[in-house]
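*Asks:* Would you mind keeping the following structure in view while I ask a few things?
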Amino acid sequence: MKTLSATALAHPNIAFIKYWGNRDNALRLPSNGSISMNLDGLFTRTTVTFNSSQRDLLLINNHAVMGKGLDRVSYILDLVREMANINERAEVSSSNNFPAGAGIASSAAAFAALALASSRAADLTLSEGQLSRLARRGSGSASRSIPGGFVEWKMGAGDDDCVAVSIAPPEHWALTDCVAIVNASHKKTGSTEGHALAWTSPLQSARVADASRRLDICRNAILHKDFEAFANIIEHDSDMMHAVMMTSNPPLMYWQAATVGIFHEVRAWRASGLPVGYTVDAGANVHVICLADHAKEVEKRLRDLSGVNDVLVAGVGGAARVIESA
Ligand code: DP6
């Protein structure tokens with residue numbers, strides 16, 4: 001084995017057409033395709049070093065992590081060991097430059113960086129599709145943090161072709177995500193537990209049956225830079241996912257009063273000519289997407305709203321990349 005250590009960087013992403021529910025939970029084959037953009041400036045940086053120790057070790061921001069977090073990482077390392085035909089355990093050291101609980105899913109960037117760093121450390125050169133597929137096994141949305149810019153994760157027929165591809169590079173369209181951080185007093189249910197509940201909602205089958213229509217509208221809006229169509233479809237898709245969440249058994253209510261307050265503001269701003277639209281993941285924070293030229297104004301307006309504690313700002317990010325290998 002030539003290479004023993006590699007460091008990779010990956011950006012989180014925000015979904016415009018959401019992934020919610022799996023057709024196969026173990027393989028993380030989603031019930032519907034999804035579309036996202038990577039978030040520039042925010043990243044996870046992960047170093048993987050294979051060594052002679054007895055067990056895998058995981059450090060996140062220099063703190064050792066055990067239990068489920070470590071198991072999930074070892075599961076990806078096992079897939080890499082199998083592909084590379086090696087037995088060495090690994091030390092994985094990961095850090096984020098964005099705060100935990102900031103309403104940005106860290107698992108997407110984390111598993112994309114892990115897939116790239118661990119495969120490269122094991123001296124494997126995987127294609128973008130193979131990397132996306134590997135990252136998917138750790139966290140579904142991580143499949144979308146492998147390619148750059150605007151990305152579509154295809155459902156595929158099965159494990160082999162269930163991968164994400166770039167539909168446009170970062171410079172295609174200058175969009176900005178202004179993430180309004182809202183007070184979240186309730187403990188939230190994580191995505192993995194949430195996906196498992198999706199099919200308990202009678203609305204999920206209608207949402208999934210309609211997914212290709214929404215994907216087409218969103219893809220076309222991005223390709224043609226049609227902001228009005230884009231804003232309408234991302235809000236519609238986000239609302240549909242939350243309708244499924246709210247009507248699952250047990251129900252998941254991620255929105256806070258301030259979340260809904262921001263929806264009303266964003267729609268009023270758009271009606272008065274400001275190019276903005278909202279989307280919300282499995283939390284209370286609102287991702288307000290706008291044309292980059294208007295980001296300063298949007299950020300200011302969000303900061304002035306009661307119930308908004310902070311605003312994070314990110315443009316369109318590139319692909320996951322290796323930054324060191326030895
Ligand atoms: C609401 O990818 O975090 O953000 O595969 O269990 O790790 P796991 O789930 P995850 O789910 C993301 C859900 C979402 C929508 C999306 O990003 O598409």
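According to my numbering, the stretch in the sequence shown is residues 1 to 326, in order. Where a beta carbon is used, it is the ideal one built from N, C-alpha and C, also for glycine. Computed from a prediction, not measured in an experiment: that's the story for all the values here.
Go to E171, then tell me how far its alpha helix (DSSP H) extends in each direction, as first and last residue.
*Replies:* From DSSP, E171 is part of no alpha helix (DSSP H); its letter is neither H nor E.
*Asks:* For V208, report the span of its alpha helix (DSSP H) as first-last.
*Replies:* That run of the alpha helix (DSSP H) goes Q204 to A209.
*Asks:* Measuring straight from C-alpha to C-alpha, what distance separates V308 and C178?
*Replies:* Taking the straight line from one Cα to the other gives about 12 Å.
*Asks:* May I ask whether a heavy atom of the ligand DP6 can be found less than 7 Å away from the beta carbon of T259?
*Replies:* No - the ligand DP6 has no heavy atom lying nearer than 7 Å to the Cβ of T259.
*Asks:* Tell me the start and end of each unbroken beta strand (DSSP E) in the segment 141-167 that is at least 3 residues and wholly inside, in chain order.
*Replies:* Whole beta strand (DSSP E) segments, 3+ residues: 150-153.
*Asks:* Between D281 and the ligand NAD, is there a pair consisting of the residue's CB and a ligand heavy atom that are separated by less than 7 Å?
*Replies:* Although the ligand NAD was asked about, the structure shown includes only the ligand DP6 as ligands.
*Asks:* Does the Cβ of G156 lie closer than 7 Å to at least one heavy atom of the ligand DP6?
*Replies:* Answer for G156: no, Cβ out of range of the ligand DP6.
*Asks:* Is there at least one non-hydrogen atom of the ligand DP6 closer than 7 Å to the beta-carbon of H195?
*Replies:* Yes, the Cβ of H195 comes within 7 Å of a heavy atom of the ligand DP6.
*Asks:* Of all the options P30, L4 and D310, which has the alpha carbon lying nearest to the alpha carbon of G158?
*Replies:* The shortest C-alpha separation from G158 is found at P30.
*Asks:* Closer than 7 Å: is that where the CB of K225 sits relative to any heavy atom of the ligand DP6?
*Replies:* Answer for K225: no, Cβ out of range of the ligand DP6.
*Asks:* Look at the alpha carbon of N38 and the alpha carbon of N13, and state the distance between them as a whole number of angstroms.
*Replies:* The alpha-carbon atoms of N38 and N13 are separated by roughly 4 Å.
*Asks:* Taking its Cβ as the centre, do 16 or more other Cβ atoms sit within 10 Å of A257, making it buried, or is it exposed?
*Replies:* Exposed: under 16 other Cβ atoms inside 10 Å.
*Asks:* Identify whether D24 lies in helix, strand or coil by the three-state DSSP scheme.
*Replies:* It is a strand residue.
*Asks:* Among residues of its own chain, excluding the 5 on either side of S69, which ones have a beta-carbon nearer than 8 Å to its beta-carbon?
*Replies:* Note on identity: in this sequence residue 69 is Gly, with Ser being the wrong assignment. Same-chain partners within the cutoff: L58 and I60.
*Asks:* Closer than 7 Å to a non-hydrogen atom of the ligand DP6 - does that hold for the CB of T200?
*Replies:* No - the ligand DP6 has no heavy atom lying nearer than 7 Å to the Cβ of T200.
*Asks:* Based on Cα-Cα distance, which residue from L116, D56, D24 and L9 lies nearest to R45?
*Replies:* Of the listed residues, the one whose Cα sits closest to R45 is L9.
*Asks:* For G277, name the three-state secondary structure that DSSP assigns.
*Replies:* It is a strand residue.
*Asks:* Is the distance from the Cβ of T259 to the Cβ of V286 below 8 Å?
*Replies:* Going by C-beta atoms, T259 is nearer than 8 Å to V286.
*Asks:* Use the C-beta contact count for K296: other C-beta atoms within 10 angstroms, 16 or more gives buried, fewer gives exposed.
*Replies:* Classification for K296: exposed.
*Asks:* State buried or exposed for P147, treating a residue as buried only when at least 16 other CB atoms are found within 10 Å of its CB.
*Replies:* Under this definition P147 is a buried residue.
*Asks:* Could you work out which residue in T189, V48, R23 and D293 is closest to A284 when comparing CA atoms only?
*Replies:* Taking only the C-alpha atoms, the option nearest A284 is T189.
*Asks:* DSSP beta-bridge partners for S93?
*Replies:* S93 is bridged to T47 and L59.
*Asks:* Within a Cβ cutoff of 7 Å, which residues of the same chain sit near A203, ignoring the five residues on either side of it in sequence?
*Replies:* The residue you asked about is not Ala; residue 203 is Leu in the sequence shown. The residues are A243, V244 and T247.
*Asks:* Quick one: using the 10 Å Cβ neighbour count with 16 as the cut-off for buried, is P170 buried or exposed?
*Replies:* Buried, since its Cβ has 16 or more Cβ neighbours within 10 Å.
*Asks:* Using CA atoms only, rank isn't needed, just tell me which of A282, G149 and M83 is closest to H172.
*Replies:* Considering only alpha carbons, the answer is G149.
*Asks:* Pick out the complete beta strand (DSSP E) segments inside the segment 248-272, 3 residues or longer, and give them in chain order.
*Replies:* If we require 3 residues or more, the segment 248-272 turns out to have no beta strand (DSSP E) run fully inside it.
*Asks:* Compute the minimum distance between the beta carbon of R28 and the heavy atoms of the ligand DP6, and state whether it is under 7 Å.
*Replies:* For the ligand DP6, at least one heavy atom lies less than 7 Å from the Cβ of R28.
*Asks:* If we ignore side chains and look at the alpha-carbon of each, how far apart do D310 and D304 end up?
*Replies:* Each residue's Cα considered, the two are about 10 Å apart.
*Asks:* The beta strand (DSSP E) with L9 in it runs from where to where?
*Replies:* Taken as a continuous stretch (DSSP letters only), the beta strand (DSSP E) holding L9 covers S5 to A10.
*Asks:* Quick one: residues in its chain with C-beta nearer than 8 Å to the C-beta of S325, no 5 flanking neighbours on either side, listed in chain order?
*Replies:* So the list reads T3, S5, A6, T7, R120 and A121, once near-sequence residues are dropped.
*Asks:* Taking only heavy atoms of the ligand DP6 into account, decide whether any of them is closer than 7 Å to the Cβ of L19.
*Replies:* The sequence shown places Tyr at residue 19, not Leu. Yes.
*Asks:* Counting beta carbon pairs with one atom in the segment 133-146 and one in the segment 102-114, are three or more of them shorter than 8 Å?
*Replies:* Short answer: they touch.
*Asks:* Under a Cβ-count criterion, where at least 16 other Cβ atoms within 10 Å of its own Cβ denotes burial, should N32 be classed as buried or exposed?
*Replies:* So N32 counts as buried.
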